[in-house]
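Shown next, in structure tokens, is the structure this report addresses.
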Amino acid sequence: MDRTPMTDPRQSWTFSREVNAEIRRAAATGIYDIRGGGAKRRVPHFDDLLFLGASMSRYPLEGYRERCDTSVVLGTRFAKKPIELKIPITIAGMSFGALSAHAKEALGRGATLAGTSTTTGDGGMTEEERGHSEKLVYQYLPSRYGMNPDDLRRCDAIEIVVGQGAKPGGGGMLLGQKITERVAGMRDLPVGIDQRSACRHPDWTGPDDLEIKILELREITGWEKPIYIKVGGARPYFDTALAVKAGADVVVLDGMQGGTAATQDVFIENVGQPTLACIRPAVQALQDLGLHREVQLIVSGGIRTGADVAKALALGADAVSIGTAALVALGDNDPHWEDEYRKLGSTYGAYDDWHEGRDPAGITTQDPALMARLDPVAGGRRLRNYLNVMTLECQTIARACGKSHVHNLEPEDLCALTMEAAAMAQVPLAGTNWYPGKPGF
Numbered sequence: 011m012d013r014t015p016m017t018d019p020r021q022s023w024t025f026s027r028e029v030n031a032e033i034r035r036a037a038a039t040g041i042y043d044i045r046g047g048g049a050k051r052r053v054p055h056f057d058d059l060l061f062l063g064a065s066m067s068r069y070p071l072e073g074y075r076e077r078c079d080t081s082v083v084l085g086t087r088f089a090k091k092p093i094e095l096k097i098p099i100t101i102a103g104m105s106f107g108a109l110s111a112h113a114k115e116a117l118g119r120g121a122t123l124a125g126t127s128t129t130t131g132d133g134g135m136t137e138e139e140r141g142h143s144e145k146l147v148y149q150y151l152p153s154r155y156g157m158n159p160d161d162l163r164r165c166d167a168i169e170i171v172v173g174q175g176a177k178p179g180g181g182g183m184l185l186g187q188k189i190t191e192r193v194a195g196m197r198d199l200p201v202g203i204d205q206r207s208a209c210r211h212p213d214w215t216g217p218d219d220l221e222i223k224i225l226e227l228r229e230i231t232g233w234e235k236p237i238y239i240k241v242g243g244a245r246p247y248f249d250t251a252l253a254v255k256a257g258a259d260v261v262v263l264d265g266m267q268g269g270t271a272a273t274q275d276v277f278i279e280n281v282g283q284p285t286l287a288c289i290r291p292a293v294q295a296l297q298d299l300g301l302h303r304e305v306q307l308i309v310s311g312g313i314r315t316g317a318d319v320a321k322a323l324a325l326g327a328d329a330v331s332i333g334t335a336a337l338v339a340l341g342d343n344d345p346h347w348e349d350e351y352r353k354l355g356s357t358y359g360a361y362d363d364w365h366e367g368r369d370p371a372g373i374t375t376q377d378p379a380l381m382a383r384l385d386p387v388a389g390g391r392r393l394r395n396y397l398n399v400m401t402l403e404c405q406t407i408a409r410a411c412g413k414s415h416v417h418n419l420e421p422e423d424l425c426a427l428t429m430e431a432a433a434m435a436q437v438p439l440a441g442t443n444w445y446p447g448k449p450g451f
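The opening position of the sequence shown corresponds to residue 11 in the numbering used here, with each subsequent residue numbered one higher.
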């Protein structure tokens, strides 16, 4: 039996077996560890919040007779053609290269069936995703892979990526085994060579320059497309305020529980802030500028259930975005493939192997034989079902709190189970009217 430090006083918490194993691996190889997925450490999250449903002092809505709306419009500030969605759940940017073409098609199919949008990710626009996504957001990254004016005009919104929750301040990675001829052609890279994207945009150094870049993008697209700015969860108040100053229609805020196709393990676990800690400062920035709800806020990073969606909306978000959960819905990391995961030295649910391109489920791979295992039509239906369930769960909670629209949820509907969550979300600790740092206490 493998004894942990908790049960074996001879073991050290500081130099645990896992830490010592990593020291030995680093000493033997001389390279840092790269993996996919998001942070594994336990941090305060939406599970640490509870809703205060209606009772005597609140009046609930009857689920079968009284409507609870879930629609959201993104990009109402400057864009001539804002994006209208049926649900407040969008699909986050995941690149072709990191994902297979079948996976991109499945995401497009599922999002369209559910009435929401997908996002291209680094690497450019594929016909599989554009052809099956009713609403498609084009990510404009430092790498500029695949970027061209024609695709900017073909998309429905543009998302300028300044940072990502799993690696704020860092660029993307794509190992050579996933850079096929098609991927290389889209990215103008050599086949089979590891790729590492830039960590910052090459043609601007701050919000003043970014404002000029946004104006260029608006001119190219006739002022039709909403412009999103995506930031990692590092300094959410100031980053949100500066994104608004630069002219964003929408701010996308990605916490550290957000996943990535590949980056340094030390980055994933030690840089950024939990999603829960980022929302209220970003909302405060929008409120201080008098633009809350006029500039929409999308929150991502660890969203898994309709309850997570409802809690993010209650804290002030307009919508959420999912990535890892969407891939699981398609069939990734399924126990059905456990024997093959074990052959890779992994196990289902570990996510560490996403960067290696040998995904048995055919999702995070460019291997034609593995890709063929994913049926994009069936995968799209699975994603649609999952999105529908999340939406129904969010509606159920909103009705229980007496709300006729999910956007009417508010911090007053929440309490926290831990001191940390109470402080981060700025909602009372359960059974009290207090949270750490509350003004006047």
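Using N, Cα and C, we set each Cβ at its ideal position, and we do this for glycine too. Computed from a predicted model, the values in this text were never measured in an experiment.
For residue i, the three-state DSSP class (helix, strand or coil)
{"i": "R75", "result": "coil"}
{"i": "Y396", "result": "helix"}
{"i": "D12", "result": "In this prediction, D12 scores a pLDDT of 45, lower than 50, which makes its location untrustworthy; the coordinate-derived value is nonetheless stated afterwards. Coil at D12, not helix or strand."}
{"i": "D328", "result": "coil"}
{"i": "D58", "result": "helix"}
{"i": "L162", "result": "helix"}
{"i": "H211", "result": "coil"}
{"i": "L84", "result": "strand"}
{"i": "Q205", "result": "strand"}
{"i": "A408", "result": "helix"}
{"i": "G269", "result": "coil"}
{"i": "F277", "result": "helix"}
{"i": "P45", "result": "Looking at the sequence provided, one finds Arg at residue 45 rather than Pro. Here R45 sits in strand by DSSP."}
{"i": "L225", "result": "helix"}
{"i": "Y155", "result": "coil"}
{"i": "T190", "result": "coil"}
{"i": "T100", "result": "strand"}
{"i": "I308", "result": "strand"}
{"i": "F248", "result": "helix"}
{"i": "Y351", "result": "helix"}
{"i": "L109", "result": "strand"}
Contacting residues, own chain, Cβ-Cβ under 6 Å from residue i (five flanking each side not counted)
{"i": "V330", "result": "I99, V309, I313, V319, A322"}
{"i": "C165", "result": "L146, Y148"}
{"i": "A116", "result": "L340, P386, G389, G390"}
{"i": "G257", "result": "E221, I224"}
{"i": "T334", "result": "G269"}
{"i": "M138", "result": "Residue identity check: residue 138 is Glu in the sequence provided, not Met. Correct list, in chain order: A111, K114, E115."}
{"i": "L407", "result": "For clarity, residue 407 is Ile in the given sequence; the question names Leu instead. Counting only Cβ-Cβ distances below 6 Å, and skipping sequence neighbours, we find F61, A320."}
{"i": "E191", "result": "V201"}
{"i": "V29", "result": "none"}
{"i": "V83", "result": "P92, E94"}
Nonlocal neighbours in the same chain, by C-beta distance under 8 Å from residue i, ignoring five residues either side
{"i": "T375", "result": "S110, K188, G367, R368, D369, M381"}
{"i": "Q267", "result": "G48, A49, V53, H55, G175, P284, T285, G311, G312"}
{"i": "L384", "result": "S110, H112, A113, A116, L340, G341, A371, G372, I373"}
{"i": "W452", "result": "What is shown of the chain runs 11 to 451, which leaves residue 452 out entirely."}
Residues bridged to residue i (per DSSP)
{"i": "K145", "result": "S127"}
{"i": "E94", "result": "V83"}
{"i": "M183", "result": "R206"}
{"i": "K240", "result": "V171, V262"}
{"i": "H415", "result": "D79"}
{"i": "A426", "result": "L59, L439"}
{"i": "Y361", "result": "Answer is none; Y361 lacks a bridge partner."}
{"i": "H302", "result": "V305"}
Neighbourhood of residue i by C-beta distance below 7 Å, restricted to the same chain and skipping five residues each side
{"i": "G186", "result": "G202, I203, D204"}
{"i": "P200", "result": "A194"}
{"i": "M11", "result": "Unreliable placement is indicated for M11, whose pLDDT of 36 sits below 50; the coordinate value is still reported in the next sentence. Excluding sequence neighbours, M11 sits near nothing in its chain."}
{"i": "A431", "result": "P54, D58, L59, L286"}
Residue i classed as buried or exposed, judged by whether at least 16 other C-beta atoms fall within 10 angstroms
{"i": "E304", "result": "exposed"}
{"i": "E169", "result": "buried"}
{"i": "R51", "result": "exposed"}
{"i": "V293", "result": "buried"}
{"i": "F277", "result": "buried"}
**Q.** Given 8 Å, three or more beta-carbon pairs between the segment 210-225 and the segment 398-412
**A.** no
Q: For the segment 52-66 and the segment 420-439, state whether three or more C-beta atom pairs, one from each stretch, are separated by less than 8 Å.
A: yes
Q: Kindly confirm or deny that the segment 240-251 and the segment 20-39 touch, where touching means at least three C-beta pairs closer than 8 Å.
A: no
Q.
Within 8 Å, do at least three Cβ pairs link the segment 147-162 to the segment 121-137?
A. Counting Cβ pairs under 8 Å, three or more are found: they touch.
Q. Quick one: any contact between the segment 101-109 and the segment 117-128, if contact means 3 or more CB pairs under 8 Å?
A. yes
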